[in-house]
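Mapping of the sequence shown onto numbering that gives the first Met the number 0: residues 0 to 256, in sequence order. Note that CB positions come from ideal geometry on N, CA and C, so glycine has one too. Since the model is a prediction, treat every value here as computed from it, not as a measurement. Following: one structure in structure tokens, then a few remarks.
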Amino acid sequence: MFGKVVACLALVGSAACISPSGLDVPGQAQIELPEAELRVLFVGNSLTFVNRLPAIVQTIAEASGHDLAQADISSPNFSLEDHWYAGAPDIISRLAPDVVVMQEGPSSLPENQIYLRDWTQKLDESVRAVGGRSALFMVWPEQARQATAFPAVRTSYSNAAEAVDGIFIPAGEAWMELWSLDAHAALYGPDGFHPSTLGSLVAALTIYRMLFDEPVTDLPARLAPTTPGLPIIVMDSTRAVMVYQAVETAVGKWGRR
Numbered sequence: 000m001f002g003k004v005v006a007c008l009a010l011v012g013s014a015a016c017i018s019p020s021g022l023d024v025p026g027q028a029q030i031e032l033p034e035a036e037l038r039v040l041f042v043g044n045s046l047t048f049v050n051r052l053p054a055i056v057q058t059i060a061e062a063s064g065h066d067l068a069q070a071d072i073s074s075p076n077f078s079l080e081d082h083w084y085a086g087a088p089d090i091i092s093r094l095a096p097d098v099v100v101m102q103e104g105p106s107s108l109p110e111n112q113i114y115l116r117d118w119t120q121k122l123d124e125s126v127r128a129v130g131g132r133s134a135l136f137m138v139w140p141e142q143a144r145q146a147t148a149f150p151a152v153r154t155s156y157s158n159a160a161e162a163v164d165g166i167f168i169p170a171g172e173a174w175m176e177l178w179s180l181d182a183h184a185a186l187y188g189p190d191g192f193h194p195s196t197l198g199s200l201v202a203a204l205t206i207y208r209m210l211f212d213e214p215v216t217d218l219p220a221r222l223a224p225t226t227p228g229l230p231i232i233v234m235d236s237t238r239a240v241m242v243y244q245a246v247e248t249a250v251g252k253w254g255r256r
């Protein structure tokens with residue numbers, strides 16, 4: 000699904016090391032979802048596939064002793080409506096995932112909140128038809144609106160999850176909680192919208208936390224998968240404590256299963 004994996008790169012002064020990163024677009028033609036304890040399909044855009052977020056979730060799960068299979072049909076600039084017309088219902092029907100993690104842009108404006116909810120409901124029909132559950136992956140606004148837009152993004156994704164009795168994953172709120180512990184945590188990438196590797200890690204941990212309903216506070220600072228080719232995650236111990244605490248606090252306040 001992804002390009003060749005390289006060894007974990009030591010990023011001097013970085014808060015987290017994840018290998019590899021980049022904007023590789025997942026291939027969809029031969030996408031499969033093997034049998035596992037939990038089978039998850041990601042449906043989003045570059046906020047999902049940058050830094051290989053679904054693969055990071057799988058690494059966390061495997062490092063925690065779980066068997067997770069993941070597939071990603073995220074595409075650049077796609078909304079849930081775009082995925083609908085691109086054939087997501089057929090892919091959901093064929094793969095029959097246990098959970099479909101949905102994401103589009105921040106969707107903070109009132110009209111965009113309605114749009115997110117409506118297309119979540121449309122895709123949820125396909126998810127329910129195969130016995131799965133929908134999960135809404137709350138993202139974040141662009142950095143220029145960081146100080147004002149997070150509550151509206153949270154409301155938008157939370158309402159969409161509630162409309163389908165789905166799982167609400169408060170990843171954007173986990174970013175906010177980490178900033179409360181370290182105001183200088185670099186969660187945005189250079190463009191002020193896509194996540195840094197640390198930003199993707201915080202989001203992936205929040206997704207893992209909500210999917211498995213297990214606390215992350217006991218996880219080690221180094222997370223190594225059992226499947227070859229998945230990312231290896233390395234943090235210093237101080238950073239790990241803050242990241243795990245931020246995820247737990249956000250989930251405790253806002254997460255809904």
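- prompt: Nearest to residue 53 by alpha carbon, out of 31, 69, 64, 194?
  reply: Selected option, being the one with the closest Cα: 69.
- prompt: Exposed or buried, residue 189, counting other C-beta atoms within 10 Å across all chains shown (16 or more means buried)?
  reply: exposed
message: If I measure Cβ to Cβ from residue 236 and keep anything under 7 Å in the same chain, skipping five residues before and after, which residues do I get?
response: So the list reads 220, once near-sequence residues are dropped.
field: residue 243 classed as buried or exposed, judged by whether at least 16 other C-beta atoms fall within 10 angstroms
entry: buried
query: Can you list the beta strand (DSSP E) stretches of 3 or more residues lying completely in the segment 157 to 213, in chain order?
result: 166 to 168
query: Whose C-alpha, out of 134, 145, 217, is nearest the C-alpha of residue 256?
result: Considering only alpha carbons, the answer is 134.
- prompt: Of all the options 31, 228, 139, 247, which has the alpha carbon lying nearest to the alpha carbon of residue 108?
  reply: Across the set 31, 228, 139, 247, the C-alpha of 139 shows the shortest separation from the C-alpha of residue 108.
task: Using beta-carbon positions only, say whether residue 59 and residue 197 come within less than 8 Å of one another.
output: In this structure, residue 197 does not lie closer than 8 Å to residue 59 by Cβ.
- request: For residue 50, count neighbouring C-beta atoms within 10 Å of its own C-beta (all shown protein chains included) and say buried if the count is 16 or more, exposed if not.
  value: Counting of Cβ neighbours within 10 angstroms places residue 50 among the buried residues, the total reaching 16 or more.
Per-residue DSSP class, three states only, for residue 155: Residue state, collapsed to three classes: helix.
- request: Tell me the start and end of each unbroken alpha helix (DSSP H) in the segment 81 to 163 that is at least 4 residues and wholly inside, in chain order.
  value: 87 to 94, 109 to 128, 145 to 162
query: Are residue 193 and residue 67 touching if we call contact CB-CB under 8 Å?
result: No; because the gap between Cβ atoms is not below 8 Å, this pair is not in contact.
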